[in-house]
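Undergrad:
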Amino acid sequence: MLIARENIFLNKNFSSKGEIFQFLSQQAVERGWAADAEKIEADLWTRENQYSTGFEGQIAIPHAKTINVTEAGVIFIRLQQALDWESLDDSPIKIVFGLFVPESGAQLLHLKIINSLASQIVEDDFRQQLFDAKSEDELFNYMQSRVVIEEDA
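For the sequence shown, numbering that gives the first Met the number 0 assigns the number 0 to the initial residue and increments by one for each residue that follows.
1. Answer with buried or exposed for residue 26, where buried requires no fewer than 16 other C-beta atoms within 10 angstroms of its C-beta.
2. If we cut at 7 Å on Cβ distances, does residue 22 have a partner in chain B?
3. On the criterion of 16 or more Cβ atoms from any shown chain inside 10 Å, does residue 29 qualify as buried, or is it exposed?
4. Quick one: what does DSSP say residue 45 is sitting in, helix, strand or coil?
5. So, at 6 Å on beta carbons, what are the nonlocal neighbours of residue 128 in its own chain, with the 5 sequence-adjacent residues on each side left out?
6. Relative to the alpha-carbon of residue 59, which residue among 50, 36 and 66 has its alpha-carbon at the smallest distance?
7. What whole-angstrom Cβ distance do residue 102 and residue 9 have, given they're in contact under 8 Å?
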């Protein structure tokens, strides 16, 4: 399971997408998934500039599949205030799943993570729980029961 309890952050305040990318990059380094936060942040921007990672329903899934990532991981953030993201439906973003996947030999894992999250975020009850969970523990337990990602890719 790539979504760990300590990787869930509720009601965080950020004023820009750039601040979120900085936070995600720093978290990836702190967790040992990468060595250089600046490179990871640049990788997130490179991907974002190709096509927005903002989906419908106030959810964004920025991701870095790069040689700068050494171990896969997922960071979940629920924002205190919605933030403009240039999402597919032009709605501001309130939920962020930051994905980090090593480039070499991880194509299948990358697809598994994206597919698992994508199959859940289209479900109204899943999205509602992301917005309504009262604690990190509550959200972690819920996601464990709904988001299944096998790491043996």
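Glycine included, C-beta positions come from ideal geometry on N, C-alpha and C.
TA: Taking the definition as stated:
1. By the neighbour-count definition (other C-beta atoms within 10 Å, threshold 16), residue 26 is a buried residue.
2. Given the protein chain composition of this structure (a single chain), no chain B is represented.
3. Answer is exposed; the Cβ neighbour count stays below 16.
4. Correct three-state label for residue 45: helix.
5. Here residue 128 has 141 as same chain residues with Cβ atoms under 6 Å from its own Cβ, once five neighbours each way along the sequence are excluded.
6. Residue 50 is the option with its Cα nearest to residue 59.
7. Going by Cβ atoms, the distance from residue 102 to residue 9 rounds to 30 Å, so no, they are not a contact pair.
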